[in-house]
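There are 2 protein chains.
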Amino acid sequence: MRTPHLVRPIDLKSQNPLLFCRGEEEDGGRIGEVDHLAGERAAAQFDVDRMKVAWAGSRHAVDVADRMARLASDPVFRKDNRTMLPRTELFKDTLKKAAHAWKRIVELRLTEEEANLLRLYVDQPGYVDLHWGMFVPAIKGQGTEEQQKKWLPLAYKFQIIGCYAQTELGHGSNVQGLETTATFDPKTDEFVIHSPTLTSSKWWPGGLGRLPLTVVYARLITEGKDYGIHGFIVQLRSLEDHNPLPGVTLGDIGGKFGSGAYNSMDNGVLRFDHVRIPRDQMLMRLSQVQRYSKAVWISSWWHLRLRCSITRLSKADYFLCWLQLMRLDFSTLQEAHACTAGLKAVTTSVTSDAIEECRKLCGGHGYLNSSGLPELFAVYVPACTYDRRQCRIAFAGCEVSNERPSPSWLLENSLLVPQLTMGNIQYLMQCTCGVTTEVDVEMSVVLICLSMICPTAEDWLNPAASKEVFNELSPDLLEVAAAHIQMIIVTKFIEKLEQDIPGEGVKAQLRNLCNVYALHLLHKHLGDFLATGCITAKQGALANQQLGMLYALVRPNAVALVDAFNYTDHYLGSVLGRYDGDVYPALYEEAWKDPLNRTVVPDGYHDYLRPLLKQQLNLSSRL
Amino acid sequence: MRTPHLVRPIDLKSQNPLLFCRGEEEDGGRIGEVDHLAGERAAAQFDVDRMKVAWAGSRHAVDVADRMARLASDPVFRKDNRTMLPRTELFKDTLKKAAHAWKRIVELRLTEEEANLLRLYVDQPGYVDLHWGMFVPAIKGQGTEEQQKKWLPLAYKFQIIGCYAQTELGHGSNVQGLETTATFDPKTDEFVIHSPTLTSSKWWPGGLGRLPLTVVYARLITEGKDYGIHGFIVQLRSLEDHNPLPGVTLGDIGGKFGSGAYNSMDNGVLRFDHVRIPRDQMLMRLSQVQRYSKAVWISSWWHLRLRCSITRLSKADYFLCWLQLMRLDFSTLQEAHACTAGLKAVTTSVTSDAIEECRKLCGGHGYLNSSGLPELFAVYVPACTYDRRQCRIAFAGCEVSNERPSPSWLLENSLLVPQLTMGNIQYLMQCTCGVTTEVDVEMSVVLICLSMICPTAEDWLNPAASKEVFNELSPDLLEVAAAHIQMIIVTKFIEKLEQDIPGEGVKAQLRNLCNVYALHLLHKHLGDFLATGCITAKQGALANQQLGMLYALVRPNAVALVDAFNYTDHYLGSVLGRYDGDVYPALYEEAWKDPLNRTVVPDGYHDYLRPLLKQQLNLSSRL
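Next up, the structure:
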């Protein structure tokens with residue numbers, strides 16, 4: 001069961017919040033005394049505790065998560081007032097929470113796993129995300145042994161805080177277009193970091209507005225020659241008084257979508273006016289510059305990009321494990337990069353659509369900040385901004401290096417999925433509407449993927465296809481890419497179901513969810529499948545019927561399935577998502593916290609409302 | 001041409017902002033000195049000025065809009081800082097703007113048309129919207145002549161300000177479920193307004209938090225009998241000191257989605273504890289209560305609902321004209337209600353999807369408040385919340401009165417569209433893939449609509465169909481409803497194209513847009529059309545080809561088409577939507593306005609960042 005916010009006696013007689021609240025006096029609705037969802041929970045057909053283990057991956061993972069979620073329920077980490085704080089207060093609140101979290105991590109000697117989970121449950125974007133997620137990995141991945149020895153211990157103890165300055169005002173994820181320069185000066189053995197244009201201003205890096213150090217990505221130039229993009233460790237602010245160092249212009253890029261949400265993060269703007277750093281602050285694991293010679297060798301750019309993509313994919317842990325394995329085989333690097341980018345594209349857009357759908361289904365109340373849904377949406381959607389570009393990088397191939405994936409890429413990839421042999425395909429494509437009551441889900445999956453991939457694969461396989469043809473096909477290719485990713489997702493889901501999953505009813509519920517997911521894809525993309533002739537209209541109709549039946553199977557288990565996600569009320573931060581379902585008293589109570597309600601007569605009444613009502617507006621002569 | 005924010009010399013050599021900014025020194029990018037889109041404008045193939053007339057409806061409408069947009073560019077109405085204001089400041093700002101707008105309306109003796117447009121361009125949700133849009137129309141529509149004579153002059157001069165208190169905490173648009181009671185007391189000739197439960201609290205009404213008067217919707221009860229929902233004029237606050245009157249609990253319901261956006265509005269919560277009002281404050285045009293007898297007759301609920309729907313549809317003016325005509329024919333009232341609700345559902349969801357799509361296409365910059373897109377999205381999406389329910393009301397029929405539309409409703413409705421005769425249908429359904437280069441758009445339209453309506457119309461036409469069957473079909477019916485509405489939209493568009501539209505190239509551009517709209521529907525819903533066999537896969541492919549060709553025709557005219565919408569930079573409030581396309585310097589300049597940038601060292605550094613960096617966190621003993 002999900003951990004309730006407070007310990008509450010369960011009132012079994014009241015299972016429907018609407019029925020309960022209607023017609024009862026307010027006294028009957030005291031918060032914390034009822035569990036409107038107890039009936040739903042009693043009806044669940046599986047072992048919720050075992051399902052928690054199945055979601056989390058292990059009993060150990062559940063236990064650690066429980067402990068860290070409890071730690072994150074500390075009042076210092078309160079989330080309920082974030083949308084009401086002015087930006088400067090919200091930022092200060094983020095600094096406070098980061099310091100308190102670090103204090104607890106040190107005090108309790110938390111492991112890295114525990115510390116990462118604590119940050120997850122504190123759930124407020126801030127500089128620590130960039131320090132641990134980008135700065136430290138950049139030094140680990142691109143720094144020499146010597147550089148790691150020098151910088152990592154400082155970073156691990158937070159004696160330095162770093163971020164990751166890659167994107168520029170005129171150049172988002174298009175790394176090849178970056179304009180910032182790092183010109184080597186052999187006379188002083190230094191690099192001169194400079195922003196030659198307005199569009200070369202670093203723009204968007206999280207934590208940049210306020211932190212002392214960063215890894216800056218800039219064009220390495222020695223003896224007039226451009227050696228492409230490399231990373232440099234650059235100090236931005238004084239370690240004594242936190243003021244920007246000479247030649248450094250630093251600021252925040254301004255408010256972002258939503259209230260609360262990502263506004264806790266100081267995404268920054270940064271310009272350099274000929275800032276000098278020692279030569280040994282270039283990250284030199286993959287490329288080196290020696291004082292009296294040229295750069296020795298240039299990094300495998302793909303390797304760096306792969307790392308970035310994987311870091312950003314952190315929410316899709318399950319797939320990550322599989323991708324980590326793939327990384328060991330260097331020959332699949334480009335493919336792994338494409339899949340990673342594609343997985344992120346598909347999973348994030350599915351998630352943000354689902355958040356918005358939930359908001360709409362909650363009616364007007366889902367539009368209130370107290371529902372938690374606006375902030376969840378606003379904090380989540382930037383993920384979808386990134387991945388459109390990533391998807392394009394992965395499949396249009398022209399942005400990174402003007403090269404495109406090999407023509408046989410798609411079919412080769414299909415071989416990753418053991419079920420997909422030509423024999424199977426022949427068999428499946430011969431299926432007729434003989435299927436009358438139920439659509440086998442594995443079959444649907446394969447049909448989905450094949451039918452979406454087939455129509456343009458022919459064009460890909462034509463070795464004479466010019467770059468123009470390739471670009472013309474781009475919108476279709478993006479759809480093909482998405483279909484391929486969906487195939488991976490469903491296939492991996494099925495593979496998981498073939499493993500042992502203990503707990504009464506657990507595997508059955510997961511199988512239902514897998515079927516729902518696969519069949520909803522079929523429903524959503526029916527046009528593509530029918531257009532290719534992979535399935536008949538009748539089969540499509542049968543699949544829809546089956547989907548309806550599956551929804552009916554899942555419905556009685558819905559609340560318990562959500563319980564098994566194991567989120568606390570504190571973490572969810574939603575009066576509508578409360579464990580006890582007692583939403584109306586909570587909505588009502590929450591309203592009074594708004595700053596507008598601090599006074600009975602609003603600020604502005606005497607200046608702007610009363611003169612209007614009393615016909616005492618000071619009218620100027622008519623124009 | 002769209003009115004630029006400032007007068008700027010046009011620099012023809014720089015048509016691409018990216019090319020311009022890259023590699024030039026910052027000095028080259030001064031704001032206001034270039035028009036990066038001049039080349040785009042020169043390439044347009046139509047008369048932009050005449051297109052403005054076509055969009056607006058008349059030359060007069062363009063002129064009034066221009067004058068009011070200029071008036072709204074007054075610095076008092078600035079929009080650029082709204083997302084940075086704390087809620088109490090934003091609310092005060094709204095009061096200030098409303099007072100200033102009223103001052104200008106009185107000073108300049110603006111007509112009602114002009115005043116409405118001025119409010120549109122001031123573009124900040126506030127109490128005036130409810131006063132003019134709901135309170136005044138309610139009195140006009142439901143008040144007796146006597147009541148109108150008493151209240152309207154006060155309202156017209158703003159001596160009283162009103163709002164519209166219908167929805168309750170537990171009951172959104174489900175008017176039949178409202179719980180607030182208005183019990184008639186014949187002894188004193190008064191109504192006693194009361195909130196019997198928590199869920200009966202009025203919740204969401206705009207302007208309610210802060211205004212003196214409202215029309216309250218409550219169950220009329222006399223002699224123990226419930227006569228259903230009626231409207232009552234109730235004073236909430238003192239006209240002298242603005243404090244709530246005895247028995248009235250008033251507050252704001254809290255922050256909403258986004259920053260700025262709808263947070264300028266004081267959506268309110270209101271509870272009554274036996275508040276007494278004179279009998280003549282019940283709105284009695286449609287029902288009356290006399291002191292010594294029962295209610296005489298009960299209003300046509302449909303009439304009221306129609307009015308509400310039309311009021312809320314105010315953004316879709318074109319359709320509104322058509323609906324106004326339809327209203328004259330009382331026999332089509334239910335149908336008009338259904339169409340109005342459906343039109344709102346479809347147009348608002350298409351619009352909000354388009355806003356979100358635009359945001360994503362602007363990459364990361366679209367996530368910044370300075371792009372204007374987050375606020376536009378947040379202020380627009382509640383429309384989609386309403387209409388899901390409205391769509392459900394219109395087509396599932398069970399919410400309002402447990403009645404459902406007559407089985408033949410859909411086919412009858414089709415008769416509204418003159419082109420749709422059975423002869424046409426037969427002809428169109430015989431079309432084969434003999435079409436090889438171009439898909440006739442009218443044909444596509446009809447195919448779209450027919451093929452989407454046909455699959456379930458059969459079920460509707462079965463008179464034996466039980467209510468259960470009806471409910472089971474609901475999701476399909478919603479899709480059918482949406483298809484029907486799309487049919488109306490495209491048909492009306494085609495009708496418009498059959499009229500005379502002056503101006504070189506204007507009609508040709510509108511025809512392209514109509515074709516794009518119709519064919520994108522075909523593309524989007526291909527699965528439904530193929531499933532019903534209305535078109536073949538090959539025809540679908542041809543339609544897609546045609547769509548691609550149409551995009552290429554529209555592209556060179558895109559900027560000029562947007563110019564013809566005639567929005568000022570002030571009204572758009574977006575650094576990315578600037579008339580001159582000079583986005584990068586504007587983005588950069590806007591960033592420095594954020595409150596976070598007021599200090600170089602952020603508030604919180606000394607408390608929470610420095611102790612961390614200096615390893616001086618005050619650690620407590622380990623737990």
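Chain order of the listed sequences is A and B. Residue numbering for the first sequence follows UniProt numbering, starting at 1 and increasing by one per position. Residue numbering for the second sequence follows UniProt numbering, starting at 1 and increasing by one per position. Beta carbons: idealized from backbone N, C-alpha and C, even for Gly. Just so we're clear, the structure is a prediction, and the values are computed from it rather than from any experiment.
* To do: Going by DSSP, name the residue or residues bridged to residue 221 of chain B.
  => Here residue 221 of chain B corresponds to residue number 221 of the second sequence, with the count starting at 1. According to DSSP, residue 221 of chain B bridges with B:183, B:226.
* To do: Grab the span of the beta strand (DSSP E) containing residue 249 of chain B for me, first residue to last.
  => Residue 249 of chain B sits at position 249 when you count from the first residue of the second sequence. Taken as a continuous stretch (DSSP letters only), the beta strand (DSSP E) holding residue 249 of chain B covers 248-252.
* Asked: CA-CA distance, residue 63 of chain B and residue 146 of chain B?
  -> Taking the first residue of the second sequence as position 1, residue 63 of chain B is located at position 63. Taking the first residue of the second sequence as position 1, residue 146 of chain B is located at position 146. Near 38 angstroms, if we compare the C-alpha coordinates of residue 146 of chain B and residue 63 of chain B.
* Taking one C-beta from the region 99-118 of chain B and one from the region 63-73 of chain B each time, how about it: are there three or more such pairs within less than 8 angstroms? -> yes
* Rounded to a whole number of angstroms, what is the C-alpha to C-alpha distance between residue 546 of chain A and residue 522 of chain A? -> Within the first sequence, numbered from 1, the residue matching residue 546 of chain A stands at position 546. Within the first sequence, numbered from 1, the residue matching residue 522 of chain A stands at position 522. In a straight line, the C-alpha of residue 546 of chain A is about 11 angstroms away from that of residue 522 of chain A.
* Backbone CA spacing between residue 512 of chain B and residue 562 of chain B [nearest angstrom] -> Locating residue 512 of chain B in the second sequence gives position 512, where the first residue counts as 1. Locating residue 562 of chain B in the second sequence gives position 562, where the first residue counts as 1. Roughly 15 angstroms between the two C-alpha positions.
* Cβ of residue 36 of chain B within 9 angstroms of Cβ of residue 569 of chain B? -> Residue 36 of chain B sits at position 36 when you count from the first residue of the second sequence. Residue 569 of chain B sits at position 569 when you count from the first residue of the second sequence. No.
* **Proximity to residue 520 of chain A [Cα-Cα], best of A:504, A:579, A:486** => Locating residue 520 of chain A in the first sequence gives position 520, where the first residue counts as 1. Measuring from the Cα of residue 520 of chain A, the nearest candidate turns out to be A:486.
* Asked: Under the rule that 16 or more other beta-carbon atoms within 10 Å means buried, what is residue 135 of chain B, buried or exposed?
  -> Position 135 of the second sequence, counting from 1, holds the residue named residue 135 of chain B. Buried.
* Indicate whether at least one CB of chain E lies closer than 9 angstroms to the CB of residue 119 of chain A. => Included in the structure are the protein chains A and B, with no chain E among them.
* **As assigned by DSSP and simplified to three states, the class of residue 520 of chain B** => By one-based count along the second sequence, residue 520 of chain B stands at place 520. Helix, per DSSP.
* Between which two residues does the beta strand (DSSP E) containing residue 212 of chain A stretch? -> By one-based count along the first sequence, residue 212 of chain A stands at place 212. Premise fails: residue 212 of chain A is in no beta strand (DSSP E) and is neither H nor E.
* Does the beta carbon of residue 281 of chain B come closer than 9 angstroms to any beta carbon on chain A? -> As a position in the second sequence, residue 281 of chain B is number 281, starting the count at 1. Answer no: the Cβ-Cβ gap between residue 281 of chain B and chain A never drops below 9 angstroms.
* To do: Can you tell me which of the three DSSP states residue 98 of chain A falls into?
  => Along the first sequence, one-based indexing puts residue 98 of chain A at 98. Residue state, collapsed to three classes: helix.
* To do: Compute the distance between the beta-carbons of residue 158 of chain B and residue 131 of chain B, then report whether it is under 9 angstroms.
  => Against the second sequence, residue 158 of chain B aligns to sequence position 158. Against the second sequence, residue 131 of chain B aligns to sequence position 131. Yes, Cβ-Cβ distance for residue 158 of chain B and residue 131 of chain B is below 9 angstroms.
* Which residue from B:507, B:124, B:559 puts its Cα closest to that of residue 98 of chain B? -> For this step, residue 98 of chain B is matched to residue 98 along the second sequence. Minimum Cα distance to residue 98 of chain B is reached at B:124.
* State the Cα-Cα distance for the pair residue 251 of chain B and residue 346 of chain A, rounded to the nearest angstrom. => Indexing the second sequence from 1 puts residue 251 of chain B at position 251. Indexing the first sequence from 1 puts residue 346 of chain A at position 346. Straight-line Cα distance between these residues: approximately 42 angstroms.
* To do: Just tell me which of B:565, B:186, B:203, B:144 has its CA closest to the CA of residue 169 of chain B.
  => By one-based count along the second sequence, residue 169 of chain B stands at place 169. Answer by Cα proximity: B:203.
* Asked: Roughly how many angstroms separate the alpha carbons of residue 227 of chain B and residue 282 of chain B, rounded to a whole number?
  -> Here residue 227 of chain B refers to the residue found at position 227 of the second sequence. Here residue 282 of chain B refers to the residue found at position 282 of the second sequence. So the two alpha carbons sit approximately 13 angstroms from each other.
* For the beta strand (DSSP E) holding residue 271 of chain A, just list the boundary residues, first then last. => On the first sequence, position 271 is the one that residue 271 of chain A refers to. 268-272 is the extent of the beta strand (DSSP E) around residue 271 of chain A.
* **the region 535-552 of chain A in contact with the region 341-358 of chain A per 3-pair CB rule at 8 angstroms** => no
* **Cα-Cα separation between residue 366 of chain A and residue 381 of chain B, rounded to whole angstroms** => Walking along the first sequence from the start, residue 366 of chain A turns up at place 366. Walking along the second sequence from the start, residue 381 of chain B turns up at place 381. Spanning the two alpha carbons is a distance of roughly 11 angstroms.
* Between residue 274 of chain A and the rest of its own chain, which residues show a CB-CB distance below 8 angstroms, the 5 nearest in sequence each way excluded? -> By 1-based counting over the first sequence, the position of residue 274 of chain A is 274. The answer, listed in chain order, is 192, 193, 194, 247.
* Asked: Terminal residues of the continuous beta strand (DSSP E) containing residue 191 of chain A?
  -> Residue mapping note: residue 191 of chain A aligns to position 191 of the first sequence, counting from 1. Segment 190-194, the beta strand (DSSP E) holding residue 191 of chain A.
* CB contact below 9 angstroms: residue 77 of chain A versus chain B -> As a position in the first sequence, residue 77 of chain A is number 77, starting the count at 1. Output row for residue 77 of chain A: interface = no.
* Identify each residue in the region 259-291 of chain A for which the Cβ-Cβ distance to at least one residue of chain B is less than 7 angstroms, and report them in chain order. => 259, 266, 269
* To do: Locate the alpha helix (DSSP H) running through residue 67 of chain A, then write down its first and last residues.
  => As a working mapping, residue 67 of chain A is identified with position 67 in the first sequence. Taken as a continuous stretch (DSSP letters only), the alpha helix (DSSP H) holding residue 67 of chain A covers 59-72.
* To do: Mind checking who residue 163 of chain A pairs with in its DSSP beta bridge?
  => Position 163 of the first sequence, counted from the first residue, corresponds to residue 163 of chain A. Paired residues: A:214.
* **CB contact check: residue 243 of chain B to chain A, cutoff 9 angstroms** => What you label residue 243 of chain B is simply residue 243 of the second sequence in a count that begins at 1. Closer than 9 angstroms: yes.
* To do: Might you give, ordered along the chain, the residues of its own chain that have their beta carbon closer than 7 angstroms to the beta carbon of residue 105 of chain A, omitting 5 neighbours on each side?
  => The count along the first sequence starts at 1 and reaches residue 105 of chain A at position 105. Around residue 105 of chain A: 115, 118.
* Own chain partners of residue 356 of chain B with C-beta closer than 7 angstroms, once the 5 adjacent residues on each side are dropped -> Taking the second sequence and counting its residues from 1, the one referred to as residue 356 of chain B is at position 356. For residue 356 of chain B, where only same-chain residues beyond five positions count, the Cβ hits under 7 angstroms are 377.
* Measure from the C-beta of residue 592 of chain B to each C-beta in chain A and report whether the shortest distance is under 9 angstroms. => For the purposes of this step, residue 592 of chain B is taken as residue 592 along the second sequence, with counting starting at 1. By this cut-off, residue 592 of chain B is an interface position.
* Asked: Which term fits residue 40 of chain A, buried or exposed, when burial requires 16 or more other beta carbons within 10 angstroms of its beta carbon?
  -> As a first step, residue 40 of chain A must be located in the first sequence, where it is residue number 40. The residue in question, residue 40 of chain A, is buried, as its Cβ has 16 or more Cβ neighbours within 10 Å.
* Given a limit of 8 angstroms on CB to CB distance, which residues of the region 536-558 of chain A reach chain B? -> 537, 540, 541
* Using a Cβ-Cβ cut-off of 9 angstroms, state whether residue 487 of chain A counts as contacting chain B. => For this step, residue 487 of chain A is matched to residue 487 along the first sequence. Answer no: the Cβ-Cβ gap between residue 487 of chain A and chain B never drops below 9 angstroms.
* Let me know the secondary structure DSSP gives residue 142 of chain B once reduced to three states. => Stepping through the second sequence from its first residue, residue 142 of chain B is reached at position 142. Helix.
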